[in-house]
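Since the structure comes first, as structure tokens, the remarks are kept for the end.
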Amino acid sequence: METTEKIVESYCRYVKGWFTIPNIKCLGQYEIDLLAVDPSSKIGIKRYHIECGVSISGAYSKLTEKEFSLEKLKNRVKQSGQRRTLGYFIQRKFGPNEVLSELEKYGFSGNNYTKVIVTWGWTAEAKKDADRQGIILWDFRDILKEIAESCRNKKTYFTDDTLRTIQLFLRSDL
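Numbering-wise, my numbering comes out as the position in the sequence shown, counting from 1, plus 2.
What follows is the structure, given as structure tokens:
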């Protein structure tokens, strides 16, 4: 599990109060980053399939609407750019039958869940396209800010290593 995925899981679990299941292996070397369930909704359980794609590299930090190509994904030089496209998430993270069958085992099927992409910003066109596709975009920087606000004045001892590290960093006054 990547660091950014751990931070997102901690955010969902401790800030939002959701139940989470990270790193679900699927057939064909696919993987679901995170499933989350919000049990507090008055209209029934809300389910989320969350995929993380956070890059701070200048050229590849933002999610784009550029065309996704499986051939370019296989090309090592073009791979990073392809992983920053909305099409990559739709075709490789949310859409494969192997992923959909695994989701069904957890009660995620049809339109009973929300797809979320966590990224380091996005282009306006990517946001419009994501909205059209019913995909919610979360900015990783906003997640960090919300975690910081949540931890700032709490005396709680977090047993979660990720959240505890962030809490200690905030207390250090650096």
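Note that the Cβ used here is the ideal one computed from N, Cα and C, for glycine as well.
Which residues does DSSP pair with I47 in a beta bridge?
-> Answer is none; I47 lacks a bridge partner.
Beta-carbon separation of I9 and T158 under 8 Å?
-> no
Just tell me which of L139, W124, A128 has its CA closest to the CA of K64.
-> W124
Where the alpha helix (DSSP H) containing E106 begins and where it ends = 99–107
Tell me whether the beta-carbon of Y50 lies closer than 8 Å to the beta-carbon of T121.
-> no
Inter-residue Cα distance where the pair is G83 and I145 | 23 Å
Could you tell me the distance, in whole angstroms, from the CA atom of G112 to the CA atom of Q31?
-> 23 Å
Distance between S174 and L29 (C-alpha atoms, nearest Å) = 44 Å
With a CB to CB cut of under 8 Å and the five nearest residues on each side skipped, what residues in its chain are close to V2?
-> Past the boundaries of the shown model lies residue 2; the chain is included only from 3 to 176, so the question cannot be answered.
At which residues does the alpha helix (DSSP H) containing K27 begin and terminate?
-> Per DSSP, K27 belongs to no alpha helix (DSSP H); it is in the beta strand (DSSP E), 21–27.
Which residues does DSSP pair with W140 in a beta bridge?
-> V120
Can you tell me whether F171 is buried or exposed, with buried defined as 16 or more other CB within 10 angstroms of its CB?
-> exposed
For the beta strand (DSSP E) that E33 lies in, which residues bound it at each end?
-> 33–40
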